[in-house]
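Here is the structure we will look at.
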Amino acid sequence: MQAPPYFESKLPHAGTTIFTVISQAAHEHGAINLGQGFPDYPMSEDLVELVNNAMREGFNQYTHMFGYPPLRQTLAEQIHQRYGLQADADKHITITPGGTYALFTVLMALLGQQDEAIFFEPAYDCYLPQITLAGARPVALPLQSSGFGIDWQMVRDHITGRTKVIIINTPHNPTGTVLTAVDMQALEDIVQAHPQITIVSDEVYEHLVFNGASHCSVLQSPLLQQRSAACYSFGKTYNCTGWKLGYVVAPEWLTREFRKVHQFNAFSCFTPTQVALSHFAASPQNHATLGADLQDRQQYFQTALQDLPLQPLPVFGSYFQLYRYSDISSLGEFDFCMQMIQEAGVAAIPVSSFYHKPNNQGLIRFCFAKKKETLQTAASRLQQWFQKI
Ligand code: PMP
Ligand code: GLN
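Counting with the working numbering, you get residues 1 to 389 for the letters of the sequence shown.
This is the structure in structure tokens:
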């Protein structure tokens, strides 16, 4: 049915997200879903038990608007250990219903009409619509065509007096690249030169860094700590994406503004999971091996695909790896993914969906956060398909 003539959409160009479209198509065709980023292996039994216990013990009412206090305390200690920041659980940390909500709330708190927000493409799909909903102008800058790094000179060239936000994402969805100390230095120089700019740092894959490397966070820099909101997701860390629970770490002034928006939206988040995580997140061994585990899956899948005409791009973290298929098909990325779902029974995400304008580079994104059996079956299906086409 048509919307009434007086109605003006706030997101006239938005359709259904690519993750929903591809998951739906995968479901309809019985395809293995290596598209949407979620693990198909179980989360920790201990954590499930802790949630059950919390519910039985009566933690079923609203918790504190900032988040369950012992969980914020646990996070403050973890953040100090990992990044050296003396975060104050009351002044700097707020629990949110997921990382996406954390990003949205920060952008709503920071941006208004006439403001501009810079972000980098390919980009996780929520940044552009969230900036638009906050009333500001999205400024999409391309990552470098080789290696997907940030061209900091290009960033400096696009900063105006109206630039209020720069969104970064490391480890990066969809490319699996990571930012380094050099990038953090470039950001420091920028916020020093432009006092009106705040960094919104999407670090939901903080633990999923490969080759034994450590994650570079804005929270490690005394300067960037004061000028950034860092957003995290428990779903990505503890293999429970359906929990939709996350948190934001921000300086006091920004946390205050953040909570003004948050208190009139979600207000507070599901209590039993927060109680459970206040115990579980306190043990570093519950997240210490996540990067190595994911890298093992990534390498397993890459090896399983090695004889196929799909060229893997380098990956340094996250759930995702890009593959180039242009040696075997001239189809656009979306059409190629649909053909692969229908004929091979394997789903991936077209990388063009991470751009605001069509940009076909012959690249697809696979999620390797899956059981090895799933990855092996997907590889066998692709092998059979490639013999036919
Ligand atoms: N940022 C990135 C880069 C993501 O891939 C995702 C997807 N999980 C999110 C944010 C959102 O996380 P959540 O599911 O906790 O909202
Ligand atoms: N972050 C997930 C991905 O990139 C998807 C989350 C969602 O479906 N919104 O696949």
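For each residue, glycine too, the CB sits at the ideal point set by N, CA and C.
Practice prompt. Could you tell me how far apart the beta carbons of V351 and L363 are, in whole angstroms, since I believe they sit closer than 8 Å?
Written response: 4 Å
Discussion item. Am I right that G99 and Y6 are in contact with their C-beta atoms under 8 Å? What's the rounded C-beta distance?
Written reply: That pair is no contact at about 35 Å.
Fill in: Environment of R72 [buried if 16+ CB atoms lie within 10 Å]
It is buried - the Cβ of R72 has at least 16 other Cβ atoms within 10 Å.
Worksheet entry | Rounded Cβ spacing between E121 and F354 (contact assumed at less than 8 Å) | About 6 Å; that satisfies the 8 Å criterion.
Practice prompt. Can you have a look at V48 and say buried or exposed, based on whether 16 or more other CB atoms are within 10 angstroms of its CB?
Written response: exposed
Worksheet item: Does the distance from the C-beta atom of S278 to that of P70 stay below 7 Å?
Response: yes
Worksheet entry | Span separating the alpha-carbon of A276 from that of P314 | 36 Å
Practice prompt. Pull up the distance between the alpha-carbon of T160 and that of Q192, whole angstroms please.
Written response: Put simply, the backbone Cα of T160 is about 14 Å away from that of Q192.
Worksheet item: Which stretch, first to last residue, makes up the alpha helix (DSSP H) that contains T273?
Response: 271-280
Discussion item. Measuring CB atoms only, is the stretch 78-93 touching the stretch 219-231, in the sense that at least three cross pairs come out at less than 8 Å?
Written reply: yes
Worksheet entry | Length of the line joining the Cα atoms of P42 and A87 | 32 Å
Discussion item. Going by C-alpha to C-alpha distance, which of M154, Q24, Y124 sits closest to I190?
Written reply: M154
Practice prompt. Indicate, with yes or no, if ligand 1 has a heavy atom lying under 6 Å from the CB of G161.
Written response: no
Practice prompt. Check whether the Cβ atoms of A123 and P138 lie closer than 7 Å to each other.
Written response: Contact check for A123 against P138 fails: the beta carbons are separated by 7 Å or more.
Item to complete: May I ask you to report which of helix, strand or coil DSSP gives V402?
Response: The first residue shown for the chain is 1 and the last is 389, placing residue 402 beyond what the model contains.
Discussion item. When you compare the CB positions of D40 and T289, do they come within less than 7 Å of one another, or not?
Written reply: no
Discussion item. Cutting at 8 Å between CB atoms, please list the residues of its own chain near Q225, excluding the five before and the five after it.
Written reply: L85, V218, L219, P251
Worksheet item: Under 7 Å between the Cβ atoms of V51 and T273?
Response: yes
Worksheet item: For F38, which three-state DSSP category applies?
Response: coil
Worksheet entry | C269 beta carbon less than 7 Å from that of L254 | Between L254 and C269, the CB-CB gap reaches or exceeds 7 Å.
Worksheet entry | Sequence-ordered residues whose beta carbon comes within less than 6 Å of a heavy atom of ligand 2 | T17, F19, Q36, G37, N173
Item to complete: Could you tell me how far apart the beta carbons of Q311 and D335 are, in whole angstroms, since I believe they sit closer than 8 Å?
Response: The pair is not a contact, with the Cβ atoms about 19 Å apart (cut-off 8 Å).
Practice prompt. Could you check if G35 is buried or exposed, using at least 16 other CB atoms within 10 Å of its CB as the buried criterion?
Written response: That one is buried.
Worksheet item: Between G112 and F320, which are expected to be in contact by the criterion C-beta below 8 Å, what is the C-beta distance as a whole number of angstroms?
Response: Between F320 and G112 the Cβ distance is about 33 Å, and since that is not below 8 Å, they are no contact.
Discussion item. DSSP three-state label for V315, please.
Written reply: coil
Practice prompt. Could you check the C-alpha separation between D125 and P171 for me, to the nearest Å?
Written response: 15 Å
Worksheet entry | DSSP beta-bridge partners of P129 | Partner(s): none; P129 has no beta bridge.
Fill in: Whole-angstrom distance between P195 and E188, CA atom to CA atom
11 Å
Discussion item. Shorter than 6 Å, the distance from the beta carbon of T100 to the closest heavy atom of ligand 1, or not?
Written reply: yes
Discussion item. If I follow the unbroken beta strand (DSSP E) through C337, where does it start and stop?
Written reply: Counting along the chain, C337 falls outside any beta strand (DSSP E), though it belongs to the alpha helix (DSSP H) covering 333-339.
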